[in-house]
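Everything on this sheet refers to the single structure shown next.
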Amino acid sequence: MLDLKRLRRDVELVKKELKKRGGDYDHQLEEFANVDAERRSILSSVEALKHERNVVSDAIARMKKAKENAADQIEKMRAVSQKIKEMDGLLSEKEEAIHNILMSLPNVPHSSVPEGNDSADNPVLKTVGSVPDFDFQPLDHWTIGEQLGILDFKRAARMSGARFALYFGQGAQLERALINFMLDIQTGHGYREVLPPFIVNRTAMTATGQLPKFEEDLFKLEGLDYFLIPTAEVPVTNIHQGEILDEEDLPLYYAAHTACFRSEAGSYGKDTRGLIRQHQFNKVEIVKFTTPETSYDELEKLLKDAETVLERLEIPYQVITLCSGDLGFSAAKTYDIEGWMPGQGAYREISSCSNFEDFQARRAGIRFRKKGRKGTRLVHTLNGSGLAVGRTVVALLENYQQADGTVVIPDALRPYMGGAERIVSIDEVLS
RNA sequence: GGAGAGAUGGCCGAGUCGGCUGAAGGCGCUCGCCUGCUAAGCGAGUGUGGGGGGAAACUUCCACCGAGGGUUCGAAUCCCUCUCUCUCCGCCA
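The numbering of the first sequence is our numbering, which starts it at 923 and goes up by one.
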């Protein structure tokens, strides 16, 4: 949610900045200005009436105490109260209209965000590691996984449908190993581990910006106002919903492993095979609550924290800055980390690190105060994947595949895999 | 699932028959005083959101005592609905 006062002050500037996103918000912003003016005019008259009511009610109390007759005053106030009730009704209509507009406006891109229309315009910030050179034709991960017997999409489809996977043996172990590996790295960076609920209510989803606009992307529990989380960002950011934090406690760092659930509505035909785009996947998420002054420094650090995982796994990757047209609804600035996936012959998103500034904090009511000082300010919230586990499995299988069909386990991960040096066929393990 | 109790400011906690209670008291915090240091003591201040005024310090008005409705001239106090918390019984990983 954008700052109401800022919209009042510089509607034209906000119009210009939102235009960079590509959508057209002029109409909504103009309607905002109109309704807001109406609201304020109603507000001042209804407040005057309320003031009168307060004063006269007080007088009535004194008259009654003095055993005087207050019938005239009471009669007069009956009419005033009626009027107040009518105007209050009108006022809340205006307020709701303003709220609806505010909730549907995306965040303003940060000044450092490059302008562009879509993902084709995202500049590459840096490239790390060199793409592996195979002396055989590298396979895609679903072929590798199925040949080894560690991934099974057919049976998963039988019980759940498309976009679900079964992991077996060292495949399941690999997923679990990566989760622990990532959590250990991030807690080592100072993040506090947290295991949040995977189901949240509408308020929480609205606070982080998934609602009201993107309900079709979510899995909703039938007949209940509960949703499966699409990312740990939702429950973790909502840890401090409605709280006033002490400035000296900031920044706060959290790391959480959760399953994530996405309906993937509108992505039919995209990445239909393999682990890239699943309805359910694991992710380790890192989340920060900071002061406004430090949030962009913290974003750079958060990005580095996410990168560490790929560095330690020795998987080549690049970092891109999302251009204004490709930015998510709530984000002011986003970096994507893309891991090299030989089976796809492309860099694919494996982490997304964003600064939301006060956009989520305003919706969620997360503020901070300097001890002893009066007044509160909104915190800045940030988060990033550290990393998407399923996609890391993809990168790992495809980058570390061998001519004989086995997959070498990177050194850093071996302690988490019971010391194993490679992933071999399940049949081989059994024989 | 059945029965009962509760939800007040950063925290604890009082609010009688509805009327100077935005809210006693305490803790915490800030500033000042005092004291070799620390601690203790003394004095003052200390909620949030919104509208108006002011360059600002600040000031004025409105709202807020879990959320939403209702009764009333007037509600933290009365009524209804919902949410959450706690206790007991049942069931259960």
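No residue lacks a Cβ here, since even glycine has one placed at the ideal position from N, Cα and C. It should be emphasised that the depicted structure is a prediction, and the values quoted were computed from it without experimental measurement.
Of the residues E1017, K941, D1227, the one placed nearest D1258, counting alpha carbons only: For the purposes of this step, residue 1258 is taken as residue 336 along the first sequence, with counting starting at 1. D1258 has its Cα closest to that of D1227, out of E1017, K941, D1227.
Every unbroken beta strand (DSSP E) inside the stretch 1220–1245 [3 residues or more]: 1239–1243
Contact between the stretch 1112–1124 and the stretch 1147–1166 (3+ Cβ pairs under 8 Å): yes
Counterpart residues of I1166 in DSSP-defined beta bridges: Within the first sequence, residue 1166 is the residue found at index 244, counting from 1. According to DSSP, I1166 bridges with R1289.
P1264 beta carbon less than 8 Å from that of P1054: The residue labelled residue 1054 in the question sits at position 132 within the first sequence. The residue labelled residue 1264 in the question sits at position 342 within the first sequence. Cβ distance < 8 Å, so P1054 and P1264 count as in contact.
Residue span of the beta strand (DSSP E) that contains T1381, given as start and end: The chain is shown from 923 up to 1353; residue 1381 falls before or after that span and cannot be answered.
At least 3 beta-carbon pairs within less than 8 Å: the stretch 991–1011 vs the stretch 1028–1039: no
Of the listed residues E1037, D932, P1060, L1013, nearest to S1246 (C-alpha basis): In the first sequence, counting from the first residue as 1, residue 1246 sits at position 324. For S1246, the nearest C-alpha among the options comes from E1037.
Rounded straight-line distance, which links the Cα of W1262 to that of A1310: Reading the first sequence from its first residue, position 388 is the one you call residue 1310. Reading the first sequence from its first residue, position 340 is the one you call residue 1262. C-alpha separation (whole angstroms): 14 Å.
Buried versus exposed, by CB contacts within 10 Å (16 or more), K1238: Translated into the one-based positions of the first sequence, residue 1238 becomes position 316. Before going on, a small fix: residue 1238 reads as Pro here, not Lys. Result: buried.
Where N1044 falls, given that 16 or more other Cβ within 10 Å makes a residue buried: Taking the first residue of the first sequence as position 1, residue 1044 is located at position 122. The residue in question, N1044, is buried, as its Cβ has 16 or more Cβ neighbours within 10 Å.
Rounded straight-line distance, which links the Cα of F1278 to that of R1344: For the purposes of this step, residue 1344 is identified with residue 422 of the first sequence, where counting begins at 1. For the purposes of this step, residue 1278 is identified with residue 356 of the first sequence, where counting begins at 1. Their backbone Cα atoms lie some 40 Å apart in a straight line.
Within the stretch 1133–1204, ranges of the alpha helix (DSSP H) (whole runs, at least 4 residues): 1155–1159
Reduced DSSP secondary structure (H/G/I, E/B, other) of F954: By one-based count along the first sequence, residue 954 stands at place 32. In the structure shown, F954 sits in a helix (DSSP, three-state: H, G or I).
Delimiting residues of the alpha helix (DSSP H) encompassing K941: Numbered from its first residue, the first sequence carries residue 941 at position 19. Taken as a continuous stretch (DSSP letters only), the alpha helix (DSSP H) holding K941 covers 933–941.
Cβ separation of G1131 and S1052, assumed to be a contact under 8 Å, to the nearest whole Å: Numbered from 1 along the first sequence, position 209 holds the residue referred to as residue 1131. Numbered from 1 along the first sequence, position 130 holds the residue referred to as residue 1052. About 38 Å; that fails the 8 Å criterion.
Beta bridge counterpart(s) of K1005 as assigned by DSSP: Indexing the first sequence from 1 puts residue 1005 at position 83. Answer is none; K1005 lacks a bridge partner.
C-beta contact flag for L1232 and H1063 at 8 Å: Locating residue 1232 in the first sequence gives position 310, where the first residue counts as 1. Locating residue 1063 in the first sequence gives position 141, where the first residue counts as 1. No, Cβ-Cβ distance for L1232 and H1063 is not below 8 Å.
Contacting residues, own chain, Cβ-Cβ under 8 Å from R1199 (five flanking each side not counted): Counted from its first residue, the first sequence places residue 1199 at position 277. Once the five neighbours on either side are set aside, the close Cβ partners of R1199 are R1085, E1186, S1189, K1192, D1193.
Span of the alpha helix (DSSP H), counted from its first residue to its last, around M1127: As a working note, residue 1127 is residue 205 in the first sequence. Note, M1127: alpha helix (DSSP H), 1124–1130.
Delimiting residues of the alpha helix (DSSP H) encompassing L1070: Within the first sequence, numbered from 1, the residue matching residue 1070 stands at position 148. Residues 1063–1070.
Span separating the alpha-carbon of K927 from that of K1223: Counted from its first residue, the first sequence places residue 927 at position 5. Counted from its first residue, the first sequence places residue 1223 at position 301. Between K927 and K1223, the C-alpha separation is close to 31 Å.
Sub-8 Å separation of F1103 and Y1322 beta-carbons: Taking the first residue of the first sequence as 1, we reach residue 1103 at position 181. Taking the first residue of the first sequence as 1, we reach residue 1322 at position 400. Not in contact: F1103 and Y1322 (Cβ atoms no closer than 8 Å).
M1104, enclosing alpha helix (DSSP H) - first and last residue: Here residue 1104 refers to the residue found at position 182 of the first sequence. Taken as a continuous stretch (DSSP letters only), the alpha helix (DSSP H) holding M1104 covers 1091–1110.
Segment contact, 8 Å Cβ cut-off, at least three pairs: the stretch 1281–1297 with the stretch 1151–1171: yes
Whole-Å CB distance - K1210 paired with L1174, under 8 Å assumed: On the first sequence, residue 1210 is found 288 positions in, with the first residue counted as 1. On the first sequence, residue 1174 is found 252 positions in, with the first residue counted as 1. Right, their Cβ atoms sit about 7 Å apart.
Given E1008 as reference, the closest of K1076, I964, G1267, I1023 once Cα atoms are compared: Walking along the first sequence from the start, residue 1008 turns up at place 86. The option with the nearest alpha carbon to E1008 is I964.
Whole-Å CB distance - L1172 paired with T1230, under 8 Å assumed: Position 250 of the first sequence, counted from the start, is the residue given in the question as residue 1172. Position 308 of the first sequence, counted from the start, is the residue given in the question as residue 1230. That belief does not hold up - the Cβ atoms of L1172 and T1230 are roughly 23 Å apart, past 8 Å.
Beta-carbon separation (whole angstroms), I1214 vs D1168, contact threshold 8 Å: Here residue 1214 refers to the residue found at position 292 of the first sequence. Here residue 1168 refers to the residue found at position 246 of the first sequence. Residue identity check: residue 1214 is Pro in the sequence provided, not Ile. 16 Å between Cβ atoms; not a contact.
Close-in-space but distant-in-sequence residues of the same chain around Q1092 (CB under 6 Å, 5 per side omitted): Working through the first sequence from its first residue, we reach residue 1092 at position 170. Excluding positions up to five away in sequence, the list reads I1072, I1345.
CB of D1241 within 8 Å of CB of Y1176, strictly: Position 319 of the first sequence, counting from 1, holds the residue named residue 1241. Position 254 of the first sequence, counting from 1, holds the residue named residue 1176. The question names Asp, yet the displayed sequence has Val at residue 1241. Going by C-beta atoms, V1241 is not nearer than 8 Å to Y1176.
Nearest neighbour of G1112, chosen from E1097, M923, D1326, E1220 [CA to CA]: As a working note, residue 1112 is residue 190 in the first sequence. Measuring from the Cα of G1112, the nearest candidate turns out to be E1220.
Same chain, Cβ closer than 7 Å to N1039, neighbours up to 5 away in sequence not counted: On the first sequence, residue 1039 is found 117 positions in, with the first residue counted as 1. Taken in chain order, the residues that qualify are G944, G1247.
Proximity below 8 Å, CB of E1155 to CB of E1207: Along the first sequence, read from residue 1 onward, the residue named residue 1155 stands at position 233. Along the first sequence, read from residue 1 onward, the residue named residue 1207 stands at position 285. Result yes, Cβ atoms of E1155 and E1207 sit closer than 8 Å.
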